[in-house]
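Novice: These protein sequence lines are chains A, B, C and D, in that order.
Sequential numbering of the first sequence, starting at 1, is according to our numbering.
Sequential numbering of the second sequence, starting at 318, is according to our numbering.
Sequential numbering of the third sequence, starting at 653, is according to our numbering.
Sequential numbering of the fourth sequence, starting at 808, is according to our numbering.
Take a look at this one; I'll ask things after.
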Amino acid sequence: MSDLELHLRSEVARILQDGSVDLVVGFEAESIPLKPQPTFIEDSKDADRLIINGFCQNNLATFLTRLPKEKRIGIVVRGCESRSINALIVENQHARDKLYLIGVPCHGIIDWRKVEALAGENIISAEENENIVNVHTIRSQFSIDRGDLLHDSCARCLHPNPVSPDIMLGELLPEGDPVLARSVVDEFQLLSSEKRYAFFTQEAERCIRCYACREACPMCYCTECFVDHANPRWTESTISPAGTQAWHIVRAFHQAGRCVSCGACERACPMDIKMTYLTDKLNDDLRRLYGFQVGMDTSTQPPFAAFSLDDKKRFIS
Amino acid sequence: MYYQIEKNEITNLLDHWMKLAGVFAPTEKGQFTVFENLMHGDELRINGPHNTRYPPKSLFLPQSERLFTLKNGNLVEPKINNEPRIVFGIRPCDAHALTLLDTVFLTDQYKDPYWQAERERTILVGLGCDEPCASCFCTTVGSGPFETRGLDILFIPLNEKYIIKQVTEKGGSLLTDLRKVPDTIETEIQKLEQKAINSLPIAFETIDIREKLYKLFSDAYWLKVSQSCLGCGVCTFLCPTCYCFDIVDEAQRGERVRNWDTCMFRIYSQEASGHNPRPSRFERTRQRLMHKYAYWLDSINEIGCTGCGRCVRYCPVGLDIRDMIRKAQNWEVVE
Amino acid sequence: MAQPSARGDNMTDRKPRIVLFQCQWCLYTEIDQHWVDHDLPSNIQLIKVPCTGRINPLFILNAVQGGADGIMICGCVPEKCHFKEGNFSARRQLDEFANFLVFTGFDIKRIRFTWIDLQEQGRIQRELSSMENDLFVLGPSVALATRHPLEGEQS
Amino acid sequence: MTDNNTNPYKPMPMRISRAYYESNDHSLKTFELDFLGASDCDYFFAHYNPGQFCQLSIFNKGEAPFGVASAAWEGKFVRFTVQKMGTFTQAIHRLKVDDQIGMRGPLGNGFPLDMWRGKNLVIVGGGCAFSTLYALTKHIQHPDFRNDYNELIVIYGARNSGLCMYKQDIQSWYDRDDMQLHQAIDVPENEWLHHVGYVPDVVREVAPSPDNAVAIVCGPPIMTKFTLPALTDLGFAPEAIFTSLEKRMKCGIGKCGRCNIGPAYICKDGPVFSLAELQSLPADI
């Protein structure tokens, strides 16, 4: 158990005991290797179940909109989670004073797919040791450099530190490199339109429309998603190219100015579909055009919810 | 009846079979495998221990299947395809699941013509699991790594060879050119099977599971186990025994189509009046679990889960159905 | 909605299909509006909206997927919106949506925004014919035009 | 569906022969459908039993289940009364005489008429759910079947007189001496000569005897919820109370999976269940 976990458990036990929150959202140990589970702690005695490590792959903010509004919630937040929460507060989905954000530093989430790609499928256990991840499989043992296992979104994370947490455990990390953050989008844009379309199609066509990306996303909280609309039907509900492409385009576009680039959608996908390049493109555009970054405070409206007269210089025709 | 073939001969065998029928087998797609119609034997990928990620039920109940095409205002059925095909490399759990689905689609009263046609034109060639995965639990739910239920032929990996077990007459037609092995090989296979079985711990107790779940029906247990469920369709879409579907009209293409559907979605049971019998995630989780471990038992006295472990491996929040059942078995029911 | 495009067609057989989203207030002159309402060539499908702010990106996507070769969005110039600010919010969103479609491989020339001022009589005709010429050069739209029957064409 | 259920998903083509509004607020519309295929007609009437339902189908709008509101002896047509609710019902309300529509059926189990032979029948209905009970009553009224059953009591409630269905025909039932009719509306109206009050209260007021009797209850969930205890209080055993259920359905033949209550499918094992059967199923409605 790491010092951070010890610290986290005592803090959670404290806030539950003194009644400042009703419930704490965090992670507990996994039932299958590499997949720690989100957990909901209501009793300070259960605080010992909490863990935090690089394998915790979900964005916990996604549970906020599913919990009763009147509850005071403590939540373990990394950089992306805190920004998601801010974005939710901007959209009036939660009140800041009902939340207690327990900030933890994040060195990036380890992508179980990359672990499996390097160590094979029959993994019994894996643990982090500083910058090395030790993986035990049925047949052998691997020590892999942590940097090689980071999820793509985390490898180019801009703001690993929680934004204005109520308490910060552990040490702050250096901010990410903006050039690196843009690299994927920049490279993709240099490709010919045929190549871009080919890549987009090849990814989208694997989609099985399980909507794990939607459910894993903290910002996808609509009561009725456009794909569930019966009248009018906005798009095909089959796994035809028309249906899956429409889903990927509209899902991403609905995230414009709202996505915090946490990559939870991509990690949730059972078909390994790349989709963060789409939302990253939108984020990048909004950063360039409007200087907007999602979730950096609790008041700035996203560009599509606001407009300004300066806009007229921005469009050509 | 047993036959044998060297492992490195398998490509040639598939190439040979391709002259007789279409061959569907696991092939690579990115980092995982799916069943596809192979053009060459060397596209086969069965070296990894794991199952295909996308379940082979899709070969019989495609995720999106055209039921009718609109022609001059009438719904016309597509031509039924009855060209023979061979599905190679299907794992015993997935083949077992097809037999369970037969009890749904091929009842005496109503036979599903689409399912029936796909089943009838297919020879199922299974691949035994000599090295089951950590997420597998077939032995717990009444199947096993060398189970032959639903299969016509079973390939069993034994050192550098596959021992081939002919299960049905239908399967025999594919094996005529192969070298026979005396039945004494059975003892060796049994040893291998035992080893595989021993590597699979019993994941949970199945005795009285139905009664236990019925008792829990209105218990807080469901709230507890469904708390971290996201409500996506991964577990059900990848499940080999989940068969729910939705029928929709794709007006612009003029087709009536059926798509897989899942009880984990809110709109699955949403009625026109606005009433929803399963409005929150705990009711939907309950439906999924109880369908597999109670309702299937009610209707055919078999558990509706074959222990393939896909839902366990690919759940985005690491929910483990084995864990949920274990919790149910140990849960104290508040009367 | 445009008809689904048959695969393998080419522009020599037909004129490019254009879906025109038009704000009902942007054509001030009677002649232009009459032309759009009654004399629009058959390869142009008119969808009249109360304001460009009403145009959901899904409308555009639907037109593209349904087989439109080009999309024209026609509205009032900035600061002259009938609803004062509807076209501002539309411009932010639709412009970015167009950028985004281009990012996924759609051709930028297939989407055109035309902000028409009150005095510009006859501009809509000019814009449409210039777009039609562009689309002739580009040929039929392939990217994202995907509404084909399941498992290939029906025999 | 023509011969031997070759394709149970294929709707039979039907023609609307009559269509008229049933209620004065135009929320209820009755359709009578003729068969366009002779073999479809034979198939239907060879299998039809009151209490069953059909899937009506309009391409582009989908399919939805509706209870059949006609008895077989009324003629070679099938009657449905449809309440305007969602996408599909709005579309069907727009249809006119001579329009075509698809139909799959008959589906479900229907009322266990053989089991009820020789018994007194107490039919309790409310709102547009009365349509299948209307079919049942019509069936029993036929001279060939009337003697199979003993007394017949019908209790039918609607929110107001404007929402009462099949008015003229039901009015004529007062003149029959082989049955008792009790109509009720929720709130008093001038010129209303019958009961006023909610159906459960009317049931208590009429107080049918449970001896050698079965009660058939069909209505909105809230009515059913309060009528069942009223009947139980009167002494009806759970085995002698029947009701018809509905849920979202797609296939109507027990395959698509969504209309289950526990292990039972409403489309295949229902829609008619006895209270005793329902009590043995989990509360998942």
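A virtual CB, placed ideally from N, CA and C, is assigned to each residue, including glycine.
Keep in mind that this is a model prediction, so the values were computed, not measured.
#1: Of the residues that make up the region 587 to 618 of chain B, which ones have a beta carbon closer than 7 Å to any beta carbon in chain D?
#2: Per DSSP, what kind of secondary structure is B/Ala338 in: helix, strand or coil?
#3: Tell me the DSSP secondary structure of B/Ser375 in three-state form.
#4: Cutting at 6 Å between CB atoms, please list the residues of its own chain near A/Leu172, excluding the five before and the five after it.
#5: Of all the CB atoms in chain A, is at least one closer than 8 Å to the CB of C/Pro702?
#6: For D/Pro1089, decide whether its Cβ has a neighbour in chain B, counting only Cβ atoms nearer than 8 Å.
#7: Which residues does DSSP pair with D/Trp980 in a beta bridge?
#8: Going by Cα to Cα distance, which pick from D/Glu881, D/Gly893, D/Val929 is closest to D/His949?
#9: Given that a residue counts as buried once 16 or more other Cβ atoms are within 10 Å of its Cβ, and exposed if not, what is A/Arg139?
#10: To which residues does DSSP link D/Pro950 through a beta bridge?
#11: I need the straight-line Cα distance from B/Leu330 to B/Glu353, nearest angstrom please.
#12: If you reduce the DSSP assignment to three classes, tell me which class C/Glu784 lands in.
#13: Taking 8 Å as the cut-off, does the region 737 to 752 of chain C touch the region 176 to 188 of chain A (at least 3 CB pairs, one atom from each stretch)?
#14: Do A/Leu149 and A/Ala114 have their beta-carbon atoms positioned less than 8 Å apart in this structure?
#15: Apart from the five residues on each side of it in sequence, which residues of its chain come closer than 8 Å, Cβ to Cβ, to D/Leu925?
#16: Can you tell me which of the three DSSP states B/Phe582 falls into?
#17: Output, in sequence order along the chain, the residues in the region 538 to 567 of chain B whose CB is closer than 7 Å to any CB in chain A.
#18: Kindly identify the DSSP beta-bridge partner or partners of A/Gln37.
#19: Cutting at 6 Å between CB atoms, please list the residues of its own chain near B/Tyr538, excluding the five before and the five after it.
#20: Rank B/Arg639, B/Glu382, B/Thr328 by C-alpha distance to the C-alpha of B/Cys561 and give the top, closest one.
#21: Are D/Phe851 and D/Phe873 closer than 8 Å when you measure CB to CB?
#22: Do three or more CB pairs link the region 280 to 295 of chain A to the region 75 to 87 of chain A at distances below 8 Å?
#23: Considering only DSSP beta bridges, list what B/Lys346 is partnered with.
#24: Using a C-beta to C-beta distance shorter than 7 Å, which residues of chain D count as neighbours of B/Phe422?
#25: Here's a check: name, in chain order, each residue in its chain whose Cβ is nearer than 6 Å to the Cβ of D/Thr896, leaving out the five neighbours to either side.
#26: Considering only the beta carbon of each residue, do A/Pro270 and B/Val551 sit closer than 8 Å?
#27: Is DSSP giving D/Ser864 helix, strand or coil here?
#28: Just to confirm the assignment, what range does the alpha helix (DSSP H) spanning C/Ala750 have?
#29: Here's the rule I'm using: 16 or more other beta-carbon atoms within 10 Å means buried, otherwise exposed. How should A/Glu81 be labelled?
#30: For B/Val629, which residues does DSSP report across the bridge?
#31: Looking at C/Asp769 and C/Val729, is the spacing between their C-beta atoms short of 8 Å?
#32: Using a Cβ-Cβ distance cut-off of 8 Å, determine whether D/Thr813 contacts chain B.
#33: Can the beta-carbon of D/Met910 be found closer than 8 Å to that of D/Pro815?
#34: Compute the minimum distance between the beta carbon of D/Arg901 and the heavy atoms of the ligand SAM, and state whether it is under 7 Å.
#35: For a cutoff of 8 Å on Cβ pairs, would you count B/Gln348 as touching chain A?
#36: Just checking: is the beta-carbon of D/Thr894 within a distance shorter than 8 Å of some beta-carbon in chain A?
Specialist: Result, derived from the coordinates:
#1: Going along the region 587 to 618 of chain B in chain order, one finds Gln587, Glu588, Ala589, Ser590, Pro594, Tyr612, Asp615, Ser616 with a Cβ nearer than 7 Å to chain D.
#2: The residue labelled residue 338 of chain B in the question sits at position 21 within the second sequence. Here B/Ala338 sits in coil by DSSP.
#3: Numbered from its first residue, the second sequence carries residue 375 of chain B at position 58. It is helical.
#4: Residue numbering aside, residue 172 of chain A sits at position 172 when the first sequence is read from its first letter. If we look at A/Leu172 and ignore the five residues flanking it on each side, its Cβ neighbours are Asn161.
#5: Mapped onto the third sequence, residue 702 of chain C falls at position 50. No, because no Cβ of chain A sits closer than 8 Å to the Cβ of C/Pro702.
#6: Here the question's residue 1089 of chain D lines up with position 282 in the fourth sequence. Chain B contact via Cβ: present.
#7: Along the fourth sequence, one-based indexing puts residue 980 of chain D at 173. BP columns for D/Trp980 are empty, so no partner.
#8: Here residue 949 of chain D corresponds to residue number 142 of the fourth sequence, with the count starting at 1. In this structure, D/Glu881 is the residue among D/Glu881, D/Gly893, D/Val929 with its C-alpha nearest to the C-alpha of D/His949.
#9: Residue mapping note: residue 139 of chain A aligns to position 139 of the first sequence, counting from 1. With fewer than 16 other Cβ atoms within 10 Å, it is exposed.
#10: Within the fourth sequence, residue 950 of chain D is the residue found at index 143, counting from 1. DSSP lists no partner for D/Pro950.
#11: For this step, residue 330 of chain B is matched to residue 13 along the second sequence. For this step, residue 353 of chain B is matched to residue 36 along the second sequence. Whole-angstrom Cα-Cα distance: 17 Å.
#12: On the third sequence, residue 784 of chain C is found 132 positions in, with the first residue counted as 1. DSSP places C/Glu784 in helix when its eight states are reduced to three.
#13: no
#14: By 1-based counting over the first sequence, the position of residue 114 of chain A is 114. By 1-based counting over the first sequence, the position of residue 149 of chain A is 149. Reading off the sequence, residue 114 of chain A comes out as Lys, not Ala. Yes, they are a contact pair.
#15: As a working mapping, residue 925 of chain D is identified with position 118 in the fourth sequence. Rather than Leu, the amino acid found at residue 925 of chain D in this sequence is Gly. Hits under 8 Å: Asp955, Tyr956, Asn957, Asn1019.
#16: Counted from its first residue, the second sequence places residue 582 of chain B at position 265. B/Phe582: coil per DSSP, three-state reduction.
#17: Gln544, Ser545, Leu547, Gly548, Cys549, Gly550, Val551, Phe554, Leu555, Val565, Glu567
#18: Position 37 of the first sequence, counted from the start, is the residue given in the question as residue 37 of chain A. Looking at the DSSP assignment, A/Gln37 forms a beta bridge with A/Glu28.
#19: Residue numbering aside, residue 538 of chain B sits at position 221 when the second sequence is read from its first letter. If we look at B/Tyr538 and ignore the five residues flanking it on each side, its Cβ neighbours are Trp648.
#20: Here residue 561 of chain B refers to the residue found at position 244 when the second sequence is read from its first residue. The candidate whose alpha carbon is nearest that of B/Cys561 is B/Glu382.
#21: In the fourth sequence, counting from the first residue as 1, residue 851 of chain D sits at position 44. In the fourth sequence, counting from the first residue as 1, residue 873 of chain D sits at position 66. Against a cut-off of 8 Å, the Cβ pair of D/Phe873 and D/Phe851 comes out as no contact.
#22: yes
#23: The residue you call residue 346 of chain B lines up with position 29 of the second sequence. B/Phe349, per the DSSP bridge assignment.
#24: Stepping through the second sequence from its first residue, residue 422 of chain B is reached at position 105. Within 7 Å Cβ-Cβ: Lys1062.
#25: The count along the fourth sequence starts at 1 and reaches residue 896 of chain D at position 89. Val889.
#26: Indexing the first sequence from 1 puts residue 270 of chain A at position 270. Indexing the second sequence from 1 puts residue 551 of chain B at position 234. Result yes, Cβ atoms of A/Pro270 and B/Val551 sit closer than 8 Å.
#27: Stepping through the fourth sequence from its first residue, residue 864 of chain D is reached at position 57. Three-state result, D/Ser864: strand.
#28: Your numbering for residue 750 of chain C matches position 98 in the third sequence. Per DSSP, C/Ala750 is one residue of the alpha helix (DSSP H) stretching across 738 to 755.
#29: The residue labelled residue 81 of chain A in the question sits at position 81 within the first sequence. Buried, because 16 or more other Cβ atoms sit within 10 Å of the Cβ of A/Glu81.
#30: Translated into positions along the second sequence, residue 629 of chain B becomes position 312. Its beta-bridge partners do not exist; DSSP assigns none.
#31: As a working mapping, residue 729 of chain C is identified with position 77 in the third sequence. As a working mapping, residue 769 of chain C is identified with position 117 in the third sequence. Contact flag set, yes.
#32: Sequence index remark: in the fourth sequence, residue 813 of chain D carries index 6 (1-based). Closer than 8 Å to some Cβ of chain B, the Cβ of D/Thr813 qualifies, so yes.
#33: In the fourth sequence, residue 910 of chain D corresponds to position 103, counting from 1. In the fourth sequence, residue 815 of chain D corresponds to position 8, counting from 1. Cβ atoms of D/Met910 and D/Pro815: not closer than 8 Å.
#34: Because no ligand of any kind appears in the structure shown, any question about the ligand SAM cannot be addressed here.
#35: Mapped onto the second sequence, residue 348 of chain B falls at position 31. Closer than 8 Å to some Cβ of chain A, the Cβ of B/Gln348 qualifies, so yes.
#36: For this step, residue 894 of chain D is matched to residue 87 along the fourth sequence. Against chain A, the CB of D/Thr894 has a partner CB under 8 Å away; the residue lies at that interface.
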